[in-house]
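All remarks here apply to the structure that follows.
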Amino acid sequence: MGLLDYLVIGIFFLLMVFIGFYSSRKVKNSNDFFVAGGKVPWWLAGISHHVSGYSGVVFVAFAGVAYTYGFTIYIWWAVGITIAVISGAYLIAPRWCKLRQNLNIKSPTEYLQSRYNVPTQLVTAFSGSSLKLFDVAAKWASIGILLNVFTGLDVFVGAMGTAMIALAYTTVGGLWADLYTDFVQFLIQIAAGILMFITVLGKLGGVGGIFGVWDRLPKGHGSPFNGPYTFAFFLAYTLVCMFSYNGGTWSLATRYIASPDAESAKKSGVLSGVLELVWPLILFFPMWAAPLFMPKLADPTDSYALMVREFLPAGLVGLVLAGIFSATLSMVTSDANTISAVITKDILPFLSKRFRNMEAKRELRMARITTFTFVFLTLIITAFYREFGGVIGLIITWFAALVGPTAIPMILGLIPWFKHSDSRAAIASIITGVAVFVLIKAVGYHGSEALTMSAPTIASSLVYIGMGWANRKKKLPERVELLLEGLRLK
Numbered sequence: 029m030g031l032l033d034y035l036v037i038g039i040f041f042l043l044m045v046f047i048g049f050y051s052s053r054k055v056k057n058s059n060d061f062f063v064a065g066g067k068v069p070w071w072l073a074g075i076s077h078h079v080s081g082y083s084g085v086v087f088v089a090f091a092g093v094a095y096t097y098g099f100t101i102y103i104w105w106a107v108g109i110t111i112a113v114i115s116g117a118y119l120i121a122p123r124w125c126k127l128r129q130n131l132n133i134k135s136p137t138e139y140l141q142s143r144y145n146v147p148t149q150l151v152t153a154f155s156g157s158s159l160k161l162f163d164v165a166a167k168w169a170s171i172g173i174l175l176n177v178f179t180g181l182d183v184f185v186g187a188m189g190t191a192m193i194a195l196a197y198t199t200v201g202g203l204w205a206d207l208y209t210d211f212v213q214f215l216i217q218i219a220a221g222i223l224m225f226i227t228v229l230g231k232l233g234g235v236g237g238i239f240g241v242w243d244r245l246p247k248g249h250g251s252p253f254n255g256p257y258t259f260a261f262f263l264a265y266t267l268v269c270m271f272s273y274n275g276g277t278w279s280l281a282t283r284y285i286a287s288p289d290a291e292s293a294k295k296s297g298v299l300s301g302v303l304e305l306v307w308p309l310i311l312f313f314p315m316w317a318a319p320l321f322m323p324k325l326a327d328p329t330d331s332y333a334l335m336v337r338e339f340l341p342a343g344l345v346g347l348v349l350a351g352i353f354s355a356t357l358s359m360v361t362s363d364a365n366t367i368s369a370v371i372t373k374d375i376l377p378f379l380s381k382r383f384r385n386m387e388a389k390r391e392l393r394m395a396r397i398t399t400f401t402f403v404f405l406t407l408i409i410t411a412f413y414r415e416f417g418g419v420i421g422l423i424i425t426w427f428a429a430l431v432g433p434t435a436i437p438m439i440l441g442l443i444p445w446f447k448h449s450d451s452r453a454a455i456a457s458i459i460t461g462v463a464v465f466v467l468i469k470a471v472g473y474h475g476s477e478a479l480t481m482s483a484p485t486i487a488s489s490l491v492y493i494g495m496g497w498a499n500r501k502k503k504l505p506e507r508v509e510l511l512l513e514g515l516r517l518k
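Mapped onto our numbering, the consecutive letters of the sequence shown carry residue numbers 29 to 518.
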């Protein structure tokens, strides 16, 4: 990169830190830090939900998939998420908001104590927090890889430097900082993505290249399903996304929890889903066209970064890299904020009496400490990301496979249809899903990716629903009846 590119990146990071400190003026207590006081407008929540749903992984691991297999990445990833988010906008999102209104919750797992019991809350909180360590580590690794391509900086050093900057604003400004930086980062991503789209389109001869490129690409690149990414994989990924994007990824649930009312939560989910359907068509296009410009790459995950470096002049390279940073920072700071809420509100109070009924200032200080600690632990895993199967291994093999089992009691527990699934069903479903994942890894199964990813979620669902059906004649505790009644949708 040139000096101008470094200047653009420097300005971007300074802007993020400025927004964080500016946002701190709105943070008076933990309620402001974790859920923005429940005052987030629907359009801001929707944009934040959208940009918090993907990261630098898109420009590394998914760029490699687009380079190798073509259009299928849009079908199983973007369309799968769209189906999950829009359906969840009507069925799940309003219930999260109602939980805050009815129970004054500040974390997604806080309501589990009333829905089930304390052990279920703790098992979910511990397992979900542990799982997120791997997911966020993959995001840092992606940024480190991209920085390595652009600057030659060591992968871990680049990841750590980015993490420190993210901590500088999220530990100060909380959710408000995440929301405001998400909006600015969204604008930067749009500008950078359109810039690359127009540049590549020009290289292909103009607007006609949008459709003509597919005849010039390798066979199968224009197909909706290609290679290991079959229709079964699409169904499996969509199933996982139904749980992940509607609350299994806790930071995404927080966007709904922080909405002022149920209707706003629904509208924000619909907006996020529409953006997911439209924007990737522009974002992925340069990645689809990459084999024409850079055939036979040794490492396809470098394709997008190499095209940016090859095609764009000084200054604009920095803008695109800032857009990539934006995607990652949006997701990881959102995750850090929400994990902090879970640890502060749901885990620490049950580990020691010192953390119960804390005064506002001490609770806010503890929230900032837990945010820092969580990010520090993710960086340790980032240092060993290759041992976990690289970036795609952390995302598909670990996070996608395990997010379902940890999310099922949370998501299905919101819906009255499953009211008879009690704490035993919840814990048993989590244990079953994790056991299935461990079994798959232990036997060294290397067959269908669809089965590897979906088997833990399917097994967990069957246990949770089956045990609920077996309990259908038992009388429900009054607190559960009242809770679910308050979550009914009009």
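Idealized CB from N, CA, C, for every residue including glycine. No experiment lies behind these values; they were computed from the predicted model shown.
**Request:** Determine whether the Cβ of Pro505 lies closer than 8 Å to any Cβ atom of chain B.
**Result:** The chain labelled as chain B is not found in the depicted structure, where only one protein chain is given.
**Asked** For the region 72-82 against the region 232-246, are there 3 or more C-beta pairs whose distance is under 8 Å?
**Response** no
**Asked** For Tyr50, which three-state DSSP category applies?
**Response** helix
**Request:** Return the chain-ordered list of same chain residues with a C-beta closer than 7 Å to the C-beta of Ala94, the five sequence neighbours on each side being excluded.
**Result:** Ile101, Phe312, Met315, Trp316
**Asked** Going by DSSP, what residues sit across from Tyr257 in a beta bridge?
**Response** Asn254
**Request:** Output the distance between the C-alpha atoms of Ser296 and Met438, rounded to the nearest integer angstrom.
**Result:** 20 Å
**Request:** Verify whether the separation of the beta carbon atoms of Val212 and Ile103 is less than 8 Å.
**Result:** no
**Prompt:** Which two residues bound the contiguous alpha helix (DSSP H) that contains Lys134?
**Reply:** Neither: Lys134 is in no alpha helix (DSSP H) and is coded neither H nor E.
**Request:** Evaluate contact between the region 112-125 and the region 320-339, counting only Cβ atoms and requiring at least three cross-stretch pairs below 8 Å.
**Result:** no
**Asked** Going by other Cβ atoms of all chains shown within 10 Å of its Cβ, with 16 needed for buried, is Lys67 buried or exposed?
**Response** exposed
**Asked** Taking the alpha helix (DSSP H) that His249 falls in, what are its first and last residues?
**Response** Looking at the DSSP string, His249 is not in any alpha helix (DSSP H), and its letter there is neither H nor E.
**Asked** According to DSSP, is His448 helix, strand or coil?
**Response** coil
**Message:** Please tell me whether Ala435 and Gly301 are closer than 8 Å, where the distance is taken between their beta carbons.
**Reply:** no
**Asked** Assuming Trp561 and Thr410 make a contact with CB atoms under 8 Å, what is their CB distance in whole Å?
**Response** Since the first residue of the chain shown is 29 and the last is 518, residue 561 is not available in this structure.
**Request:** For the alpha helix (DSSP H) holding Ile371, just list the boundary residues, first then last.
**Result:** Where Ile371 is concerned, there is no enclosing alpha helix (DSSP H), given that its DSSP letter is neither H nor E.
**Prompt:** Nearest to Phe271 by CA position, among Ile371, Ile109, Leu320, is which residue?
**Reply:** Ile109
**Asked** Out of curiosity, what's the CA-to-CA distance linking Ala395 and Ser142?
**Response** 23 Å
**As assigned by DSSP and simplified to three states, the class of Asn274** = helix
**Message:** Less than 7 Å between C-beta atoms, sequence neighbours within five positions excluded: which residues of the same chain meet that for Ile420?
**Reply:** The predicted model places Ile420 with a pLDDT of 49, which falls under 50 and marks its position as unreliable; any figure quoted below should be read in that light. Counting only Cβ-Cβ distances below 7 Å, and skipping sequence neighbours, we find Ala89.
**Sub-8 Å separation of Gly202 and Val45 beta-carbons** = no
**Request:** Would you identify the three-state DSSP class for Pro69, choosing helix, strand or coil?
**Result:** coil
**Prompt:** From this set, Leu174, Ala286, Val146, which residue's C-alpha is nearest Gly65's C-alpha?
**Reply:** Ala286
**Asked** Hey, would you say Asp206 sits closer than 8 Å to Ser76, going by beta carbons?
**Response** yes
**Message:** Excluding the 5 residues flanking Lys373 on each side, which residues of the same chain have their C-beta closer than 7 Å to its C-beta?
**Reply:** Lys134, Ser135, Glu138
**Request:** Taking only the alpha-carbon atoms, compute the straight-line gap between Asn145 and Leu245 and give it to the nearest angstrom.
**Result:** 55 Å
**Message:** Distance check for Ser292 and Ala194, CA to CA, integer angstroms please.
**Reply:** 28 Å
**Item:** Residues of its chain near Ala487, where Cβ-Cβ distance is below 6 Å and the 5 sequence neighbours each way are ignored
**Value:** Thr460, Gly461, Val464
**Request:** Return the chain-ordered list of same chain residues with a C-beta closer than 8 Å to the C-beta of Gly514, the five sequence neighbours on each side being excluded.
**Result:** Lys126, Asn130
**Prompt:** Going by beta carbon distance, what residues of the same chain come within less than 7 Å of Pro227, once the five residues before and after it are set aside?
**Reply:** In the sequence on display, residue 227 carries Thr and not Pro. Excluding sequence neighbours, Thr227 sits near Phe339, Leu340.
**Prompt:** So, helix, strand or coil for Ala454, using DSSP?
**Reply:** helix
**Message:** Using CA atoms only, rank isn't needed, just tell me which of Gly98, Ser251, Thr152, Tyr197 is closest to Ala454.
**Reply:** Thr152
**Item:** Candidates Phe261, Met359, Ser52, Leu267: closest to Ala281 by CA position
**Value:** Met359
**Request:** Could you pull out every residue in the same chain whose Cβ sits closer than 8 Å to the Cβ of Leu223, ignoring the five residues on either side in sequence?
**Result:** Leu340, Leu344, Leu347, Val348
**Message:** For Ala22 and Val183, what's the separation of their Cα atoms in angstroms?
**Reply:** A question about residue 22 goes unanswered here, because the residues of the chain that appear run from 29 up to 518.
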